[in-house]
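Colleague: Dropping the structure in here first, questions after.
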Amino acid sequence: MFQQGIEIKNLTVRYGDYVALEDVNLRIRHPSFVVVIGPNGAGKTTLLKSILDLIPHEGNIRIFGKRPKEIRNIIGYLPQRERINTNIPILVRDVVLMPVSARKFVMSKNDTKKAKKYLKIVGMEDYWNHRFDALSGGQQQRVLFARTLMNEPHILILDEPFSGTDVATKMSLIKLLHKISKNKTIILVTHDINPLVECTDVVVLLRRRVISYGLVADTITEENLEKLYGARVPVIRREKICYVAGSDVHV
Amino acid sequence: MFSIFLIRAIIAVILISIVAATIGSFSVFRGSTFLVSGIAHGALAGAALGIYIALTFFSVEPLLVAMLFSVLFALSIGYFMYQKENVDVAIGIMFAFSMSLAVLFLSMIREYASVAWGLIIGDLLLLTEDDINLLIASVITIVLLFLIFYRKILFSIFDPDSAEAMGIRPIYYETLLFVLIAIGVVSLLKCVGVILVYALLIVPAAASKRIAGNISACIGLAFIIALISGLLGIYLSFFISVAPSSLAGLVATAIYALTFLKR
Ligand SMILES: Nc1ncnc2c1ncn2[C@@H]1O[C@H](COP(=O)(O)OP(=O)(O)OP(=O)(O)O)[C@@H](O)[C@H]1O
Ligand SMILES: [Mg+2]
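From first to last, the protein sequence lines stand for chains E and G. Residue numbers for the first sequence follow my numbering, beginning at -11 and rising by one. Residue numbers for the second sequence follow my numbering, beginning at 917 and rising by one.
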């Protein structure tokens, strides 16, 4: 079938007069593990939302040769957590089941089984009947992660999935991502690429434009990072892998 | 003792409690309780306009004009949101706009202004059959639309980004919620007035949210708290001759205060 993956051509996004993304061109193979890094306000979230066709943009985006809107059910999306309303006494199970219940009225036993399975994978199986709003930030993040997997998506789009998670959770989520990435395309935004360097196929340095993209070892260079962050960021090279110095966790 | 007015008041309290459970809970969930107050004031402008039209052009029921005006108010909030305006600011602007119109229309209808002022306080014990019918029609509309769009509205206010990625347009369903709030608020005006709509719609839901274990429990409990407040308000008004809605508001607030005792 169509193996072209995700194609982004001449993507430009404006908020009023402000240009958040300018002429972004990317070709992402399927399957692959793509990490997007860049400073705050670089347009990372904007890029993900454009790929999902959630915001107006100029340019062309094709996923497996189709428009994003046509294949929504094969994409799992984890938005940045700040935008979620925790004023609602919604149960964990209802959150995880959202992708199913948004589409059909009655849920099957199988759906419930799947939801429980994914909650277990993220280590939240005991919270099935708990209030989501009463969980800690990291626990909420894990539940949202389980929700992303509900539709068994071919493509995962994750906006800072580790924000607020502890070291152990973060590592187990990364292991999980690594495991499922064999036949999926994962596009992940993070501020800390270090724990991911081993599973990353392609890293994208984004700051309104694509500063550079490619293999970690080729892309994460002091010169590129200085362009990206506007400040000197030392890079440590070790066994063909390089790390951004000054970041915390290493797997 | 069981006059037709008392029976109507009791029916009204039951219907109001349904509105409080649905509209009230979702306003609290959405975090835009101010909208209830804003729309109630907006309705006043609509009612004054209705009276003006009835006096100068053709006969029209002021409360229906109020309903229309409030629905437009709600739709405008949706449009403001679409324009990326902060919802509270949007409500504030529409509030200011409709209060200006209210004062304008009220000064145009002068001696008949008292009809509009009647909506500010309302009276549970003076309801007509038409008032009850309006309430019934509103409750049916609200409950029906809630049953149909419950999940879409819920997902839109819980996680709009994900909802949108799942093919739900949050802006539409949030606007629908605003319209339902408008319908609910206006249908309550004759009963409890602009001033106390807030007490009966928001306080029971806010109290219930503090103790309920999930959304359905929250809606059910809000219904019960509103019902107790309303009935107790009517009952107490036989001993203390003041407006039952004021007593209902005080009971609801007292119940809210009691929720602090938990934990
Ligand atoms: N709805 C909006 N209206 C106006 N400007 C916006 C809007 N959303 C984003 N922007 C602007 O676009 C730029 C990119 O925003 P975006 O959220 O994509 O950044 P980001 O790279 O995800 O940042 P962060 O690391 O803080 O999450 C920012 O300067 C932001 O102020
Ligand atoms: Mg972001």
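Note that CB positions come from ideal geometry on N, CA and C, so glycine has one too.
#1: Check each residue of the segment 26 to 39 of chain E: if its Cβ is closer than 7 Å to any Cβ of chain G, include it; give the result in chain order.
#2: Considering just the uninterrupted stretch of the beta strand (DSSP E) at A8 of chain E, what are its terminal residues?
#3: Who does K200 of chain E pair with in a DSSP beta bridge?
#4: Could you pull out every residue in the same chain whose Cβ sits closer than 6 Å to the Cβ of C1134 of chain G, ignoring the five residues on either side in sequence?
#5: Can you pull the chain C residues whose beta carbon is under 8 Å from the beta carbon of R119 of chain E, in chain order?
#6: Please return the same chain residues whose Cβ sits closer than 8 Å to the Cβ of N171 of chain E, not counting the five positions on each side in sequence.
#7: Just confirm the distance between the C-beta atoms of T972 of chain G and I1118 of chain G, as a whole number of angstroms; I'd bet it's less than 8 Å.
#8: Please enumerate, following chain order, all residues with a beta carbon closer than 5 Å to at least one heavy atom belonging to ligand 1.
#9: Please confirm whether L42 of chain E and A1079 of chain G have their CB atoms less than 8 Å apart.
#10: Whole angstroms are fine: how far does the CA of G1100 of chain G sit from the CA of V22 of chain E?
#11: How far does the alpha helix (DSSP H) with R81 of chain E in it extend, from its first residue to its last?
#12: Can you tell me which of the three DSSP states H238 of chain E falls into?
#13: Going straight from the alpha carbon of R195 of chain E to that of I(-6) of chain E, what length do you get?
#14: Check the Cβ-Cβ distances between M86 of chain E and every residue of chain G, and say whether any is below 8 Å.
#15: Flag this pair as yes or no: are the beta carbons of F1094 of chain G and L951 of chain G separated by less than 8 Å?
#16: Could one say the Cβ of P1160 of chain G lies closer than 8 Å to chain E's Cβ atoms, at least one of them?
#17: Determine the contact status of R197 of chain E and E10 of chain E, defining contact as a CB-CB distance below 8 Å.
#18: Return the first residue and the last residue of the beta strand (DSSP E) that T0 of chain E is part of.
#19: Can you tell me the Cα-Cα spacing of G53 of chain E and L14 of chain E, whole angstroms?
#20: DSSP three-state call for K32 of chain E: helix, strand or coil?
#21: Please list the residues of the segment 1054 to 1079 of chain G that have a C-beta atom closer than 8 Å to any C-beta atom in chain E, keeping them in chain order.
#22: Does any residue of chain G have a CB that is nearer than 8 Å to the CB of N13 of chain E?
#23: Please decide whether N75 of chain E counts as near chain G, where near means a Cβ-Cβ distance under 8 Å.
Modeller: Short version:
#1: Residues of the segment 26 to 39 of chain E that bring their beta carbon within less than 7 Å of a beta carbon in chain G are absent altogether.
#2: Position 20 of the first sequence, counted from the first residue, corresponds to residue 8 of chain E. Element bounds for A8 of chain E: Y6 to I16.
#3: For this step, residue 200 of chain E is matched to residue 212 along the first sequence. The sequence shown places Ser at residue 200 of chain E, rather than the Lys named in the question. Its beta-bridge partners are E:L193.
#4: As a first step, residue 1134 of chain G is located in the second sequence; it is residue number 218 there, counting from the start. Cβ within range, chain order: S941, S1124, K1125 and A1128.
#5: Judged by its chain identifiers, the structure shown contains no chain C, and its protein chains are E and G.
#6: On the first sequence, position 183 is the one that residue 171 of chain E refers to. Beyond the five residues adjoining it in sequence on each side, N171 of chain E comes within less than 8 Å, by CB distance, of P19 and H142 in the same chain, given in chain order.
#7: The residue given as residue 972 of chain G occupies position 56 in the second sequence. The residue given as residue 1118 of chain G occupies position 202 in the second sequence. Not a contact, Cβ separation roughly 36 Å.
#8: That gives E:Y3, E:A8, E:N28, E:G29, E:A30, E:G31, E:K32, E:T33 and E:T34.
#9: Numbered from 1 along the first sequence, position 54 holds the residue referred to as residue 42 of chain E. Numbered from 1 along the second sequence, position 163 holds the residue referred to as residue 1079 of chain G. In this structure, L42 of chain E keeps its C-beta atom at 8 Å or more from the C-beta atom of A1079 of chain G.
#10: Along the first sequence, one-based indexing puts residue 22 of chain E at 34. Along the second sequence, one-based indexing puts residue 1100 of chain G at 184. Taking the straight line from one Cα to the other gives about 49 Å.
#11: Taking the first sequence and counting its residues from 1, the one referred to as residue 81 of chain E is at position 93. R81 of chain E -> alpha helix (DSSP H) spans V80 to S89.
#12: What you label residue 238 of chain E is simply residue 250 of the first sequence in a count that begins at 1. Caution applies to H238 of chain E, whose pLDDT of 40 falls short of 50 and renders its modelled position unreliable; the value that the coordinates give is listed next. Coil, per DSSP.
#13: As a position in the first sequence, residue 195 of chain E is number 207, starting the count at 1. As a position in the first sequence, residue -6 of chain E is number 6, starting the count at 1. R195 of chain E and I(-6) of chain E: Cα-Cα distance of roughly 20 Å.
#14: As a position in the first sequence, residue 86 of chain E is number 98, starting the count at 1. Yes - at least one Cβ of chain G is within 8 Å of the one on M86 of chain E.
#15: Position 178 of the second sequence holds residue 1094 of chain G. Position 35 of the second sequence holds residue 951 of chain G. Yes, the pair counts as a contact, with Cβ atoms nearer than the cut-off.
#16: Indexing the second sequence from 1 puts residue 1160 of chain G at position 244. Not closer than 8 Å to any Cβ of chain E, the Cβ of P1160 of chain G fails to qualify, so no.
#17: Translated into the one-based positions of the first sequence, residue 197 of chain E becomes position 209. Translated into the one-based positions of the first sequence, residue 10 of chain E becomes position 22. Contact flag set, yes.
#18: In the first sequence, residue 0 of chain E corresponds to position 12, counting from 1. Per DSSP, T0 of chain E belongs to the beta strand (DSSP E) from I(-6) to Y3.
#19: Within the first sequence, residue 53 of chain E is the residue found at index 65, counting from 1. Within the first sequence, residue 14 of chain E is the residue found at index 26, counting from 1. Answer to the nearest angstrom: the Cα atoms are 14 Å apart.
#20: Working through the first sequence from its first residue, we reach residue 32 of chain E at position 44. In the structure shown, K32 of chain E sits in a helix (DSSP, three-state: H, G or I).
#21: Listed in sequence order: R1067, K1068, L1070, F1071, I1073, F1074, D1075, P1076, D1077, S1078 and A1079.
#22: Residue mapping note: residue 13 of chain E aligns to position 25 of the first sequence, counting from 1. At a cut-off of 8 Å between C-beta atoms, N13 of chain E does not count as an interface residue with respect to chain G.
#23: Position 87 of the first sequence, counted from the first residue, corresponds to residue 75 of chain E. The beta-carbon of N75 of chain E is placed less than 8 Å from the nearest beta-carbon of chain G.
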